[in-house]
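**Student:** Submitted below is the structure of interest, expressed as structure tokens.
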Amino acid sequence: MIIKHQLYSFLIIVLLGFNSPLLADKILVIVAKNSPVTRLTLQQLENIYRKKTQININNERWVPINLIIEDPLRQAFSKKIFKQHPEEMEAFWNIQYFNGITPPYVVSSNEAVLRFVNSTPNAIGYIHHCYLDQRVQVLMKLDFNSSLTYSCP
Amino acid sequence: MDLTLGGYSGISFEDYESGSNNVSLDDISLFISWSPTARIRFFSELEMENLISSQGISSFSESFSLERLYVDFLVTHSFTLRLGQFLTPVGRWNTRHASPLVWTTSRPLVTKSNFFPSRTNGIMLKQQWFIKGNDLDVSIYIDGSKYLDPRQLNHHYNTDSEAEFKYAIGTSIRYKATHELNLGFSYLSFEKRLAARNSLNHVIGVDLLWQKKGYEIQIEWAYHYENKQQVDNISGYIQGVIPLTDKFFIVGRYESFTGQYQGFLDKFKGTSHFAIPALVWRPFFPLVLKAEYRFGDNNQQLAPSGFFSSISVLF
Numbered sequence: 003m004i005i006k007h008q009l010y011s012f013l014i015i016v017l018l019g020f021n022s023p024l025l026a027d028k029i030l031v032i033v034a035k036n037s038p039v040t041r042l043t044l045q046q047l048e049n050i051y052r053k054k055t056q057i058n059i060n061n062e063r064w065v066p067i068n069l070i071i072e073d074p075l076r077q078a079f080s081k082k083i084f085k086q087h088p089e090e091m092e093a094f095w096n097i098q099y100f101n102g103i104t105p106p107y108v109v110s111s112n113e114a115v116l117r118f119v120n121s122t123p124n125a126i127g128y129i130h131h132c133y134l135d136q137r138v139q140v141l142m143k144l145d146f147n148s149s150l151t152y153s154c155p
Numbered sequence: 005m006d007l008t009l010g011g012y013s014g015i016s017f018e019d020y021e022s023g024s025n026n027v028s029l030d031d032i033s034l035f036i037s038w039s040p041t042a043r044i045r046f047f048s049e050l051e052m053e054n055l056i057s058s059q060g061i062s063s064f065s066e067s068f069s070l071e072r073l074y075v076d077f078l079v080t081h082s083f084t085l086r087l088g089q090f091l092t093p094v095g096r097w098n099t100r101h102a103s104p105l106v107w108t109t110s111r112p113l114v115t116k117s118n119f120f121p122s123r124t125n126g127i128m129l130k131q132q133w134f135i136k137g138n139d140l141d142v143s144i145y146i147d148g149s150k151y152l153d154p155r156q157l158n159h160h161y162n163t164d165s166e167a168e169f170k171y172a173i174g175t176s177i178r179y180k181a182t183h184e185l186n187l188g189f190s191y192l193s194f195e196k197r198l199a200a201r202n203s204l205n206h207v208i209g210v211d212l213l214w215q216k217k218g219y220e221i222q223i224e225w226a227y228h229y230e231n232k233q234q235v236d237n238i239s240g241y242i243q244g245v246i247p248l249t250d251k252f253f254i255v256g257r258y259e260s261f262t263g264q265y266q267g268f269l270d271k272f273k274g275t276s277h278f279a280i281p282a283l284v285w286r287p288f289f290p291l292v293l294k295a296e297y298r299f300g301d302n303n304q305q306l307a308p309s310g311f312f313s314s315i316s317v318l319f
């Protein structure tokens, strides 16, 4: 009987392991519920976050928002979009600063991103999928190969 | 409404093998950026250059300059119209020349204003395209400094290095081939305004920047032709950066010049090679300390050998 239980446990662990891509963490790129923008490509998203594209289809200024640099979601987002860690972007942002362009605003939590995006016209942000609620709409889902160590509510 | 204030400053020390040396407060630069609406952005940079040095103290009027003053109209998400005075977009160095942003105290010869004026007064049209996941930016600009730059009304330039455009037309093409690799092409046709002579010039340049995990290779090469004296030259540099730690970097640069150069008072003909090994320390943002030694062959006139160091800060 004990051996049978151990076998079931082993099978569950193995199946969960093989199915990990289905359970993988997702980063959701979000805008406000009433945003006129309903889809973006990855390249458009990169250019918004680099502030290379500064206005949207309604000719209003994008307001991209980042999590703090230590947040694992920020690290994963940066790797996915820019193929660089946030720390490696310092030189890029220094040059932009020299031309009067500042990096995206930074907030400290997923909840803060939700509140900011919900209350700021043309804001765009990203959250861990477990924080999604009715205040925002999802523009894009970004999958990751490696699982994040992340605390969900 | 979005208002940003910033700037940079630096102190440098130059010790030439010829025996002369100089310590100077190179730059006190202040920039202001203001976006009153989503589609309009004003930018200005005021600069005090070489205000205090071991040679003496310059007057305010001598050292003060309006480095940049322009307004950007974001016509669409990919098309921008710029009006005013801006940095001439030839190569990479000139458009990001602030001391804290570049790897060496000395500036590469090919980027110096002896070859093309660093500032343009006029209009620039910039279009961005996104091609198969890569960015292509094309800019076309026209300079009318003869009519637009108030400093030219009563100013006679005495050296090539301080001369401004009389008029110019140019294009800059930037292609981001991958996340690591950026390629550029520049063409500029211009007339310089000098007390002694006006001359029609052409510059064709290519540049490359590759960056990965702190490593970097940067190349700029340009061909320059001046019709008045019938002189031409080709010059450029290749520069590499190796990170020793996340704060210490080794930088190496090789430069060459071949052809003729006709300055205001001096003339050079031949080939010159020179190189710079440098050490850069970034102990914390935004402080940068640099030390380098320049040496070469037949380089005393164009880029004299010596030791250079600097401390600069971005704020």
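From first to last, the protein sequence lines stand for chains A and B. The first sequence runs 3 to 155 under our numbering. The second sequence runs 5 to 319 under our numbering. Where a beta carbon is used, it is the ideal one built from N, C-alpha and C, also for glycine.
Taking just the CA atoms, how far does A:Q46 sit from B:I135?
**Tutor:** 12 Å
**Student:** Do A:N120 and A:A34 come within 7 Å of each other at the CB atom, strictly closer than that value?
**Tutor:** In this structure, A:N120 lies closer than 7 Å to A:A34 by Cβ.
**Student:** Can you tell me where the alpha helix (DSSP H) with A:A93 in it begins and where it stops?
**Tutor:** 92-100
**Student:** Let me know if B:A307 comes out buried or exposed under the rule of 16 or more other beta-carbons within 10 Å of its beta-carbon.
**Tutor:** The residue is buried, with at least 16 neighbouring Cβ atoms inside 10 Å.
**Student:** For a quick check, are the C-beta atoms of A:N58 and A:P106 less than 7 Å apart?
**Tutor:** Not in contact: A:N58 and A:P106 (Cβ atoms no closer than 7 Å).
**Student:** Taking 7 Å as the CB-CB cut-off, is B:F288 touching chain A?
**Tutor:** no
**Student:** Under 8 Å between beta-carbons, which chain A residues line up against B:H183? List them in chain order, please.
**Tutor:** F84, K85, Q86
**Student:** Could you say if the segment 88-107 of chain B and the segment 97-106 of chain A meet the contact criterion of at least three C-beta pairs nearer than 8 Å?
**Tutor:** yes
**Student:** How is A:S11 classed by DSSP in three states: helix, strand or coil?
**Tutor:** Residue placement at A:S11 is poorly supported in this model, since its pLDDT is 49, which falls under 50; the coordinates are not used for a value here.
**Student:** By the three-class DSSP mapping on this structure, what secondary structure does B:N54 have?
**Tutor:** strand
**Student:** Can you check DSSP and say which residues form a bridge with B:E18?
**Tutor:** B:N26, B:F312
**Student:** Taking only three categories from DSSP, how would you classify B:F68?
**Tutor:** strand
**Student:** Use the C-beta contact count for B:E18: other C-beta atoms within 10 angstroms, 16 or more gives buried, fewer gives exposed.
**Tutor:** Looking at its Cβ environment, which holds 16 or more other Cβ atoms inside 10 Å, B:E18 is buried.
**Student:** Does any C-beta atom of chain A lie closer than 7 Å to the C-beta of B:F119?
**Tutor:** no
**Student:** Please report the straight-line C-alpha distance between A:L24 and B:S190, rounded to a whole angstrom.
**Tutor:** Confidence at A:L24 is low in this model, with a pLDDT of 40, below 50, so the placement of that residue is unreliable and no value is reported for it.
**Student:** What would DSSP say about B:V114, mapped onto helix, strand or coil?
**Tutor:** helix
**Student:** Between B:L87 and B:V75, how many whole angstroms is the CB-CB distance? I'm expecting something under 8 Å.
**Tutor:** 5 Å
**Student:** Along the beta strand (DSSP E) that carries B:E184, what are the first and last residues, could you check?
**Tutor:** Here B:E184 belongs to no beta strand (DSSP E), and DSSP marks it neither H nor E.
**Student:** Just how far apart, CA to CA, sit B:S16 and B:F312?
**Tutor:** 7 Å
**Student:** Counting only Cβ pairs nearer than 7 Å, list the residues of chain B close to A:R63.
**Tutor:** A42
**Student:** Contact defined as beta carbons within less than 8 Å: I believe B:W225 pairs with B:G244. What is the distance between those atoms, to the nearest angstrom?
**Tutor:** With 8 Å as the limit, B:W225 and B:G244 do not qualify as a contact, their Cβ atoms being about 15 Å apart.
**Student:** Which residues does DSSP list as the beta-bridge partners of A:E62?
**Tutor:** For A:E62, which the question treats as bridged, DSSP gives no partner whatsoever.
**Student:** By DSSP, does B:Q304 sit in helix, in strand, or in coil?
**Tutor:** Correct three-state label for B:Q304: coil.
**Student:** Tell me whether the beta-carbon of B:N186 lies closer than 7 Å to the beta-carbon of B:L204.
**Tutor:** no
**Student:** For B:V114, which of B:T262, B:G23, B:I36, B:G126 has the nearest alpha-carbon?
**Tutor:** B:T262
**Student:** Among all the DSSP beta bridges, which residues are the ones paired with B:R45?
**Tutor:** B:D76
**Student:** Report the rounded CA-to-CA distance for B:I246 versus A:P38, giving the unit in angstroms.
**Tutor:** Their Cα atoms are separated by approximately 46 Å.
**Student:** Can you give the Cα-Cα distance for B:F81 and B:I44, rounded to whole angstroms?
**Tutor:** According to the sequence shown, residue 81 of chain B is His rather than Phe. About 12 Å.
**Student:** Spell out the partners DSSP gives B:D211 in its beta bridges.
**Tutor:** B:G188, B:E224
**Student:** Mapping DSSP to helix, strand and coil, what is B:K170?
**Tutor:** Strand.
**Student:** Just the Cα atoms here: how many angstroms apart are A:K54 and B:Q233?
**Tutor:** Approximately 42 Å between the Cα atoms of the pair.
**Student:** Spatial neighbours of A:F146 within its chain, please: C-beta separation below 8 Å, excluding the five flanking residues on both sides.
**Tutor:** Once the five neighbours on either side are set aside, the close Cβ partners of A:F146 are A26, D27, K28, I29, A78, K82.
**Student:** B:R100 touches chain A at which residues, Cβ-Cβ below 9 Å?
**Tutor:** N96, I97, F100, N101
**Student:** Can you name the residues of chain A whose CB is closer than 8 Å to the CB of B:L291?
**Tutor:** None at all; the shortest Cβ gap to chain A is about 12 Å.
**Student:** Check each candidate in B:I146, B:E168, B:T275, B:Y151 and name the one with the smallest Cα separation from B:S122.
**Tutor:** B:E168
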